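Report on the structure given below.
Number of protein chains: 2
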Amino acid sequence: MGVQQKKTIELNRLSATRAAQLLARRELSAEQLLRACFARIEQREGAVRAWAALDKELALTRARELDRASTQGVLHGLPIGVKDIFATSDLPTRYGSPIYENHQPSMDAAVVALCREAGAVVAGKTVTTEFATFQPGPTRNPHNQAYSPGGSSSGSAAAVADHMVPLALGTQTAGSIIRPAAYCGVVGYKPSFGRSQRAGLKTIADSLDTIGGFARSVDDVALLASVLMRDRELRELDYDAKPRIGMYRTSQWRHTDHATRDAYAQAASVLSRAGAQVDEVELPPVLCSLVQVHADIMGFEMAQSLTFERTRHRAGLSSSLQALLDAGSQITAEEHRANLVRVEEGRQRAHSWFEQYDVVLAPSASGEAPFFDQGTGDPLFCRVWTLFGAPCVHLPFYTGPQGLPVGLQVVGRSGDDRRTLAIARWLLNVLRPGEGD
Amino acid sequence: MGVQQKKTIELNRLSATRAAQLLARRELSAEQLLRACFARIEQREGAVRAWAALDKELALTRARELDRASTQGVLHGLPIGVKDIFATSDLPTRYGSPIYENHQPSMDAAVVALCREAGAVVAGKTVTTEFATFQPGPTRNPHNQAYSPGGSSSGSAAAVADHMVPLALGTQTAGSIIRPAAYCGVVGYKPSFGRSQRAGLKTIADSLDTIGGFARSVDDVALLASVLMRDRELRELDYDAKPRIGMYRTSQWRHTDHATRDAYAQAASVLSRAGAQVDEVELPPVLCSLVQVHADIMGFEMAQSLTFERTRHRAGLSSSLQALLDAGSQITAEEHRANLVRVEEGRQRAHSWFEQYDVVLAPSASGEAPFFDQGTGDPLFCRVWTLFGAPCVHLPFYTGPQGLPVGLQVVGRSGDDRRTLAIARWLLNVLRPGEGD
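Here the protein sequences come in this chain order: C and E.
Throughout the first sequence, residue numbering follows UniProt numbering, covering 1 to 437 in sequence.
Throughout the second sequence, residue numbering follows UniProt numbering, covering 1 to 437 in sequence.
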């Protein structure tokens, strides 16, 4: 009964995996855990502002139900944050936009319902940028409130980093999971494209939008993903080989700061010493040109996906989003088709290129988080991987000169999610030893 | 001013293309056209039951606005039917399910908003089967009410066939556009996968759901599609070569009735005489085995997409859908991944196979529509094409022994939508000469 003797406030720091074990053994109650998370939220939310909607009584009612019930699934009793771009039947869903100030859906998004089916307690909705694009919400970086948490999954990354919840849902269309994970110093996982059902997600770019999540360890994020993708193999991350790692500076290396370069050099050296095969690699140059192709595909699709808002509620859109949609509207279907052909060629080249390496290790962002009033940062280092539908895992293991987190992303071959997560876990254990409960 | 002298009741039979010309020249008003369509609806809806929601006053208000405004776009003043699987901000959206009896979304689906931006008047919502799957709605085949209109886009196909509206939106996950088009005797077009944004569509299988439409001619359906896909090239369907046609009985030929076999033989002979290169072809046998793979991928994805309904409103689901979702829940992620690999291989083989032919001509359905009380028919002849993401156009040109429509579908290479539509137009002009206004 050791855990029950701990102060309530510390339960919120438990990993999801550990808490799930204690909950399953009934050594911890869902209500206790939720109360600890809400105590943290109440203490810190004024500074961090991670939440777009909270309903403590609703969550407590659900937690007590779970405490009375038999174990529902692998998330039984775990509090989660849900990015406010997913529909929830019992919490408002505003998409980070004043247009939807009073919007209450009648249903849960598919992944929210899957998490609930597996026993999760939705603690609340987390802040998203406007329609998961670039206009920031109110969320601050939990490590230093002068800085941005990144976007678009700002609240989910911040809430997990600040120990408000162990798990949170996010989405990535450009760099909306990996970048906030990097700025907030948590593990972010963007699965291969197409592995979760997006029903009830406010989609903005059908060929890019990908559902993923945040946690404080690879095991935890894989636990969540195993529910989102209904794939129990994602909970089996044993890996006892020595990975072949392609260290890749990317064509955007000139944009990296010293902290990222130091983290990169440290990773190369530490991983080598741990027995990994570490090679500096280059991708075929044609693939680098796809950064702009990603932006154009996203622009073309966004201008259509947000047609209702663009035509009927234009004044409710930020001026920067208006400009993005106007630019996207200028892209012709002919240009778009040519872009899709380039992507398909690129995907196939990347796919065969990956046969030489188990994973690529590359920057997640240019460096530490920008100041809050400078926006949520640039998805530059994520666009091509998202375009290829590759699984990406951000590994937080370094601290920059401002005292903010820095790390790198592991990129796997599209479809190789289990192996990518297993290697990510191996790498993080080497890069950040001794963490865990 | 010839058109204005016609009886109001006849305007509803105008093609979309012809009506759009008259509307643009202000020789026809949107209000006149809409009133003609509503006169037809009022006359026939009791028998056909194509509509899930109608609001004549709302539509008339919009038509009068358009009559006062400058021309908005290529659909200016054209009434359309919207399958009740798309969200509409001003009409209820029930997805063919009692669970959503009182559901009123706050937004228009992206494609509805695009049609409205182009000047379309939404006449109402058309009947869908339950969540666009198999449980029939009330719609009857307009040619003979003892028969099914097909599904899942039942109301859209029936409304267009019965001259209630010139254009209607549909979706296809298995055979939900091509099959009802075949049974109702209209042109149905399922575009290449991924060419329209699905925001606001109630998706059931993210890797398959495809937005398309219905009309009474290829020109008309291409006009609609040019808005859905924001691709003006789809309105340029001139084709003056002689197409190379692969006539393909498919591995399901044993399920075809005499009417389909007669239509097939007639097409081969008529098209040959018109100068087309007509070869009987076989696809690699491995591709035929993908019929079951399609069903399994759809089942796996549906069981997730409809998790909220499955877990929270199970009693509101038909027993047949409950059984489908239960079966889909039994498919493991490992099986699903293996299926995706087979599809990818199949797609690539099909893609290179298509280099020998401009299009494939194949059955759309086993034959004439089944009796109403026998369900909406089987998507057997559509599953593999949907799985490959290929553009498909149903061509109605034959009448079976029950007096019901029969035809064949044109299948193009994925991405070749313009050429597929252009050849479909050429073929229909040969197979059904002298139609049009």
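Cβ atoms here follow ideal geometry from the backbone N, Cα and C, with glycine treated the same way.
Keep in mind that this is a model prediction, so the values were computed, not measured.
Same chain only: Cβ atoms within 7 Å of residue i, ignoring 5 sequence neighbours per side
| i | result |
| --- | --- |
| residue 274 (chain C) | 430 |
| residue 322 (chain E) | 314 |
| residue 45 (chain C) | 51 |
| residue 280 (chain E) | 247 |
| residue 2 (chain E) | Reliability fails at residue 2 (chain E), whose pLDDT of 43 lies under 50, so the model's placement of it is uncertain and the value that follows must be treated cautiously. Nothing meets the Cβ criterion. |
| residue 354 (chain C) | 413 |
| residue 87 (chain C) | 93, 105, 107, 108, 109, 200 |
Residue i vs residue j beta-carbon contact at 8 Å
| i | j | result |
| --- | --- | --- |
| residue 47 (chain E) | residue 145 (chain E) | yes |
| residue 189 (chain E) | residue 221 (chain E) | yes |
| residue 407 (chain C) | residue 263 (chain C) | yes |
| residue 482 (chain C) | residue 203 (chain E) | Beyond the ends of chain C as shown, which are 1 and 437, falls residue 482 (chain C); an answer cannot be given. |
| residue 415 (chain C) | residue 337 (chain E) | yes |
| residue 59 (chain C) | residue 92 (chain C) | no |
| residue 252 (chain E) | residue 380 (chain E) | yes |
| residue 97 (chain E) | residue 316 (chain E) | yes |
| residue 150 (chain C) | residue 180 (chain C) | yes |
| residue 143 (chain E) | residue 12 (chain E) | no |
| residue 225 (chain E) | residue 121 (chain E) | no |
| residue 125 (chain E) | residue 67 (chain E) | no |
| residue 157 (chain C) | residue 214 (chain C) | yes |
| residue 296 (chain E) | residue 331 (chain E) | yes |
Residue from the options whose Cα sits closest to the Cα of residue i
| i | options | result |
| --- | --- | --- |
| residue 249 (chain C) | C:376, C:367, C:206, C:309 | C:367 |
| residue 186 (chain C) | C:405, C:388, C:422, C:418 | C:405 |
| residue 166 (chain E) | E:312, E:36, E:378 | E:36 |
| residue 284 (chain E) | E:419, E:53, E:347 | E:347 |
| residue 439 (chain C) | E:303, E:230, E:330, E:422 | Outside the displayed span of chain C (1 to 437) sits residue 439 (chain C), for which this structure offers no information. |
| residue 324 (chain E) | E:301, E:343, E:308 | E:301 |
| residue 160 (chain C) | C:137, C:241, C:78 | C:78 |
| residue 155 (chain C) | C:26, C:225, C:80, C:318 | C:80 |
| residue 420 (chain C) | C:201, C:332, C:344, C:395 | C:395 |
| residue 173 (chain C) | C:357, C:299, C:115, C:209 | C:209 |
| residue 114 (chain C) | E:287, E:312, E:66 | E:312 |
| residue 362 (chain E) | E:265, E:433, E:355 | E:265 |
Where residue i meets chain C, residues with beta-carbon distance less than 8 Å
| i | result |
| --- | --- |
| residue 301 (chain E) | 197 |
| residue 172 (chain E) | Per Cβ cutoff of 8 Å: no residues; residue 172 (chain E) is ~15 Å from chain C at best. |
| residue 330 (chain E) | Near residue 330 (chain E) there are no residues of chain C at all, since even the closest Cβ is about 11 Å away, more than 8 Å. |
Inter-residue CB distance, residue i and residue j (contact presumed, cutoff 8 Å)
| i | j | result |
| --- | --- | --- |
| residue 411 (chain C) | residue 245 (chain C) | Not a contact, Cβ separation roughly 11 Å. |
| residue 320 (chain E) | residue 134 (chain E) | 6 Å |
| residue 76 (chain E) | residue 20 (chain E) | 7 Å |
| residue 24 (chain E) | residue 73 (chain E) | So it is not a contact: roughly 10 Å between Cβ atoms. |
8 Å Cβ shell around residue i - same chain, five flanking residues per side excluded
| i | result |
| --- | --- |
| residue 371 (chain E) | 146, 147, 148 |
| residue 401 (chain E) | 258, 259, 368 |
| residue 89 (chain C) | 105, 106, 107, 108 |
| residue 33 (chain E) | 11, 12, 14, 19, 23, 63, 77, 78, 79 |
| residue 206 (chain C) | 301, 305 |
Close-in-space but distant-in-sequence residues of the same chain around residue i (CB under 6 Å, 5 per side omitted)
| i | result |
| --- | --- |
| residue 111 (chain E) | 196, 211, 228 |
| residue 425 (chain C) | 218, 237 |
| residue 520 (chain E) | Any answer about residue 520 (chain E) is impossible in this case: the structure gives chain E only from 1 up to 437. |
| residue 342 (chain E) | 293 |
| residue 340 (chain E) | none |
| residue 6 (chain C) | Bear in mind that the predicted position of residue 6 (chain C) carries a pLDDT of just 49, short of 50, making it unreliable; the figure below should be weighed with that in mind. Excluding positions up to five away in sequence, the list is empty. |
| residue 428 (chain E) | 218, 395 |
| residue 345 (chain E) | none |
| residue 417 (chain E) | 191, 192, 391 |
Residues that residue i contacts on chain E, provided the C-beta gap is smaller than 8 Å
| i | result |
| --- | --- |
| residue 103 (chain C) | 106 |
| residue 202 (chain C) | 199 |
Interface residues of chain E facing residue i [CB-CB closer than 7 Å]
| i | result |
| --- | --- |
| residue 304 (chain C) | 110, 114, 197, 230 |
| residue 207 (chain C) | 194 |
| residue 316 (chain C) | Here the premise fails: no neighbours, minimum Cβ distance about 12 Å. |
Partner residues on chain C for residue i, Cβ-Cβ distance less than 7 Å
| i | result |
| --- | --- |
| residue 439 (chain E) | The structure shown has nothing for residue 439 (chain E), since chain E only spans 1 to 437. |
| residue 117 (chain E) | 307, 311 |
Contacts of residue i in chain E (Cβ-Cβ under 9 Å)
| i | result |
| --- | --- |
| residue 89 (chain C) | 308, 312 |
| residue 412 (chain C) | Ordered by position in chain E, no residue passes the 9 Å Cβ test against residue 412 (chain C), which lies about 14 Å from the chain. |
Residues that residue i contacts on chain C, provided the C-beta gap is smaller than 9 Å
| i | result |
| --- | --- |
| residue 100 (chain E) | 106, 107 |
C-beta neighbour in chain A for residue i, strict 8 Å
| i | result |
| --- | --- |
| residue 337 (chain C) | Of the chains in the structure shown, none is chain A; the protein chains are C and E. |
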